Amino acid sequence: MSLLPDTSASFTPRRVYALICLACLGLLGFGLYLQHEVGLEPCPMCIVQRYAMIALAVVAAIAAALPGPRSHRWLGGVALLVAAFGAFVAARQSWLQWYPPEIATCGRDFYGMIESFPLQRAIPMIFKGSGDCTAIDWTFLGGTIANWSFLWFLAFAAVALALLLRRPRNGEI
Numbered sequence: 012m013s014l015l016p017d018t019s020a021s022f023t024p025r026r027v028y029a030l031i032c033l034a035c036l037g038l039l040g041f042g043l044y045l046q047h048e049v050g051l052e053p054c055p056m057c058i059v060q061r062y063a064m065i066a067l068a069v070v071a072a073i074a075a076a077l078p079g080p081r082s083h084r085w086l087g088g089v090a091l092l093v094a095a096f097g098a099f100v101a102a103r104q105s106w107l108q109w110y111p112p113e114i115a116t117c118g119r120d121f122y123g124m125i126e127s128f129p130l131q132r133a134i135p136m137i138f139k140g141s142g143d144c145t146a147i148d149w150t151f152l153g154g155t156i157a158n159w160s161f162l163w164f165l166a167f168a169a170v171a172l173a174l175l176l177r178r179p180r181n182g183e184i
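Each residue of the sequence shown is one higher than the one before, counting from 12 in the numbering used here.
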């Protein structure tokens, strides 16, 4: 007999996906707070990370709403890919912040790039970053926004992978 309660039943995939969705919404809300209340302007790579976070929140919300291990497997794979993409962008921005290019120029904003150039030319420009992407305007416990974004995306990817690898229990929805 264990003194601790059995929490395995309370952490069903649907609840875990709901928690991922809530965490994504909380992080997005904090990003909007930093933008609109603190006055930090997002760079092109920050905007791509926001879109990845929104996509992850939507996928997690759908997975939380749908019953059945089959839908959770498919959506878990999508969540893993979206989280991995977000982690890649955040890692690239962190690298640019740690090793900024010698000539830092302030490039166009994300929307200006998309409107002015064809998509096949705009996408590489976004990932090259600009002087804005190397700027460190805010830190928490020594980590920049990009560093923290990378850690969150990595955690979401790990949870999605764990959900993909686990076997569904009998009667679990």
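The beta-carbon is built from N, C-alpha and C at its ideal position, and this holds for glycine as well. Values in this document were obtained by computation on a predicted structure and should not be read as measured data.
Per DSSP, glycine 37 is one residue of the alpha helix (DSSP H) stretching across 24-44. Excluding five sequence positions before and after leucine 91, the CB atoms of its chain that fall closer than 7 angstroms to its own CB belong to Ala168, Ala171, Leu172 and Leu175, given in chain order. Looking at Trp159, Glu48 and Cys32, the one whose alpha-carbon comes closest to that of serine 105 is Trp159. For cysteine 57, the enclosing alpha helix (DSSP H) has its first and last residue at 55-76. The way I'd put it, the stretch 23-36 does touch the stretch 58-72; three or more beta-carbon pairs between them come closer than 8 angstroms.
Taking the Cα positions, arginine 26 is about 18 angstroms away from phenylalanine 164. Separation of proline 80 and leucine 67 (C-alpha to C-alpha, rounded to the nearest whole angstrom) is 19 angstroms.
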